[in-house]
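Novice:
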Amino acid sequence: MVRRERDDAIVWVVLDRPDRRNALNRAMVEALRRALLEADADPETQVIAVRGEGPDFCAGGDLAEIRRLAEEDVFLNLDDADALADLFLLPRRLRKPVAAVVHGRALAGGCGLATACDLVLAAETAEFGYPEVHLGFVPAMVLALLRRHVGEKAAFALVAFGDRLSATEAQRLGLVTATLPADDFVDRARETLRRLASRSAAALRLLKRVFYLQDGLPLEAAVHAGADINVMARLTDDARAGMQRFLERT
């Protein structure tokens, strides 16, 4: 259901259930969680990239499994929902940057998975959306992430209307980092990820730590949190070497 592929300093985490458009059932959620944690723990990994096998990135939750679980007791359903919620929170907890590399459709929970990543690289033909309202459902877990990316009004409209967005529209709203040509999408995405992987590992780790630490903090607390990270950055070997190179050129 999920496999890992090494590409130098990049680890590709591949959703491998193309016959179900990579829909997320409980087993796949757990496999994806393990794959992300293992990639993050690997000292050779600089960047983690998540992509889908087949024509789509991810169609969201496995509706057949959700329908079956709806006949079970509330606690079993809570366990299942909590597992998905933990998956949506996991990318920001990891030390390495996590990029969603999206082709085809990223819908419902699949769009939520992309939204949860640090970066989203999309083929120009990709589609994004939260169509749950058409099924009488609510994408409640990802709303907290979505409104942080696009703002309250845009988030409400996306969820209430359930319309699909082109990659260009998604980028305009802030859901997508970069839109790339579809004909050489994988190569362009790999080039972008390699540029990211070439950056200081220590700097990226501290950047990610402070970026999400500041989320939701009052202004004064956020600035002071930044000061703490600033001090940590000064003391890294990468920063010392970088400052020395700069001073030698001036």
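Everything in the sequence shown is counted per my numbering, starting at 388 for the first residue and increasing by one. All residues carry an ideal CB built from backbone N, CA and C; glycine is no exception.
(1) Reducing DSSP to helix, strand and coil, say where C445 ends up.
(2) Could you spell out the range, first to last residue, of the alpha helix (DSSP H) harbouring L402?
(3) Per DSSP, which one or two residues make a beta bridge with V432?
(4) Starting from T566, follow the beta strand (DSSP E) in both directions and report where the run begins and ends.
(5) If you drop the 5 nearest sequence neighbours on each side, which residues of the same chain put their C-beta closer than 7 Å to that of M388?
(6) I need the DSSP call for E514, collapsed to helix, strand or coil.
(7) Could you check where the alpha helix (DSSP H) with A486 kicks off and where it finishes?
(8) Taking the straight line between their C-alpha atoms, what separation do you get for G496 and R632?
(9) From T555, D571, A531, pick the residue whose C-alpha is nearest to that of V546; which is it?
(10) So if DSSP puts R393 in a beta bridge, which residue, or which two residues, is it bridged to?
(11) In angstroms, rounded to a whole number, what distance separates the CA positions of L533 and L494?
(12) What is the residue span of the beta strand (DSSP E) that A495 lies within?
(13) To the nearest angstrom, how far is it from the Cα of A584 to the Cα of A470?
(14) Helix, strand or coil: how does DSSP classify A544 here?
(15) Taking the alpha-carbon of A638 as reference, which of E459, E556, A457, D505 has the nearest alpha-carbon?
(16) Am I right that L465 and D427 are in contact with their C-beta atoms under 8 Å? What's the rounded C-beta distance?
(17) One question on the structure: do V489 and L508 come within less than 8 Å of each other, judged by their Cβ atoms?
(18) With DSSP collapsed to three states, give me the class of D439.
(19) Please state whether DSSP places R421 in a helix, a strand or coil.
(20) Using C-beta distances below 7 Å, list every residue in its chain close to H536, excluding the 5 sequence neighbours before and after it, in chain order.
(21) Pick from A410, D460, A569, P478: whose alpha carbon is nearest that of R421?
(22) In whole angstroms, give me the CA-to-CA distance for T637 and M630.
(23) Given a threshold of 16 other Cβ atoms within 10 Å of its Cβ, counted over all protein chains shown, does R390 qualify as buried or as exposed?
(24) Going straight from the alpha carbon of D449 to that of E392, what length do you get?
(25) Residue ranges of each beta strand (DSSP E) run of no fewer than 3 residues wholly in the region 444-473, ordered along the chain?
Specialist: Reading it off the structure:
(1) strand
(2) Here L402 belongs to no alpha helix (DSSP H); instead the beta strand (DSSP E) covers 397-402.
(3) The sequence as given places Thr at residue 432; Val does not occur at that position. Answer by DSSP bridge pairing: none, since T432 is not bridged.
(4) Looking at the DSSP string, the run of the beta strand (DSSP E) that includes T566 is 565-567.
(5) D403, R404, A414, M415, A418
(6) strand
(7) First-last for A486: 485-489, but that is the beta strand (DSSP E), not the alpha helix (DSSP H).
(8) 45 Å
(9) A531
(10) V398
(11) Going from the Cα of L533 to the Cα of L494 covers about 13 Å.
(12) No beta strand (DSSP E) contains A495, which DSSP labels as neither H nor E.
(13) So the alpha carbons of these two residues sit roughly 29 Å apart.
(14) DSSP, read as helix, strand or coil, puts A544 in helix.
(15) Absent from the structure is residue 638, since the part of the chain shown begins at 388 and ends at 637.
(16) Here L465 is actually not in contact with D427; their C-beta atoms are around 27 Å apart, not less than 8 Å.
(17) yes
(18) At residue 439 the sequence reads Gly, which differs from the Asp that was named. Looking at G439 - three-state DSSP - the assignment turns out to be strand.
(19) helix
(20) T502, G561, L562
(21) P478
(22) 11 Å
(23) exposed
(24) 24 Å
(25) none
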